[in-house]
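Q: Could you have a look at this structure, given as structure tokens, before my questions?
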Amino acid sequence: MFSESKNYNWEKIDDNLQRAIVGYDNSLMLTIVRFKKGGIGYLHHHFHSQAAYIASGTFEVQIEEVKKILHTGDSFFIPSNQKHGVICLEEGVLIESFSPSREDFLK
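By the count of our numbering, the sequence shown reaches residue 429 at its end, each step adding exactly one.
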């Protein structure tokens, strides 16, 4: 029900990305992803709907063939099965939600 940042379990994705799962049930998952400058969330797609809020930093976000530069306070939504990815232009943090939960994140 509650999640305190001091208890987050940070998973190293690569040298430029770390992810913490904040909370989840079968229908919804909330994650936080920390990016170093130059970090890449490579183009991919999945059946989950996804929403992301840029808590800090600057990102080039691509959804299908459209690219946009987004900054702290901006957000984006990715419908199911839409190709998407990000490039971190300025060190930052994304707060992401997925519906249904990303079972593949639960190792």
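Where is the CB? At the ideal position from N, CA and C, for every residue including glycine.
Please go through the same chain and pick out, in chain order, the residues whose beta-carbon is closer than 6 Å to the beta-carbon of Leu-365, but skip the five residues on each side of it.
A: Counted from its first residue, the sequence shown places residue 365 at position 43. Lys-405, Gly-407.
Q: Which word fits Ser-397, buried or exposed, when buried means at least 16 other C-beta atoms lie within 10 angstroms of its C-beta?
A: Taking the first residue of the sequence shown as position 1, residue 397 is located at position 75. It is exposed - the Cβ of Ser-397 has fewer than 16 other Cβ atoms within 10 Å.
Q: At which residues does the beta strand (DSSP E) containing Lys-334 begin and terminate?
A: Here residue 334 corresponds to residue number 12 of the sequence shown, with the count starting at 1. Counting along the chain, the beta strand (DSSP E) containing Lys-334 begins and ends at 332–336.
Q: If you compare alpha carbons, which of Ala-377, Gly-395, Ser-378, His-368 is closest to Ile-385?
A: Locating residue 385 in the sequence shown gives position 63, where the first residue counts as 1. Closest option to Ile-385, Cα to Cα, is His-368.
Q: State buried or exposed for His-370, treating a residue as buried only when at least 16 other CB atoms are found within 10 Å of its CB.
A: Locating residue 370 in the sequence shown gives position 48, where the first residue counts as 1. The residue in question, His-370, is buried, as its Cβ has 16 or more Cβ neighbours within 10 Å.
Q: Assuming Ser-397 is part of the beta strand (DSSP E), what are its boundary residues?
A: Counted from its first residue, the sequence shown places residue 397 at position 75. Counting along the chain, the beta strand (DSSP E) containing Ser-397 begins and ends at 397–400.
Q: Go ahead and label Phe-399 buried or exposed: buried means 16 or more other beta carbons lie within 10 angstroms of its beta carbon, across all protein chains shown.
A: Working through the sequence shown from its first residue, we reach residue 399 at position 77. Exposed, by the Cβ-count rule.
Q: Can you give me the Cβ contacts of Phe-427 inside the same chain, cut-off strictly under 8 Å, excluding the 5 residues immediately before and after it?
A: Against the sequence shown, residue 427 aligns to sequence position 105. So the qualifying residues of the chain are Arg-341, Ile-343, Met-351, Thr-353.
Q: Is Phe-381 helix, strand or coil when you go by DSSP?
A: Here residue 381 corresponds to residue number 59 of the sequence shown, with the count starting at 1. Strand.
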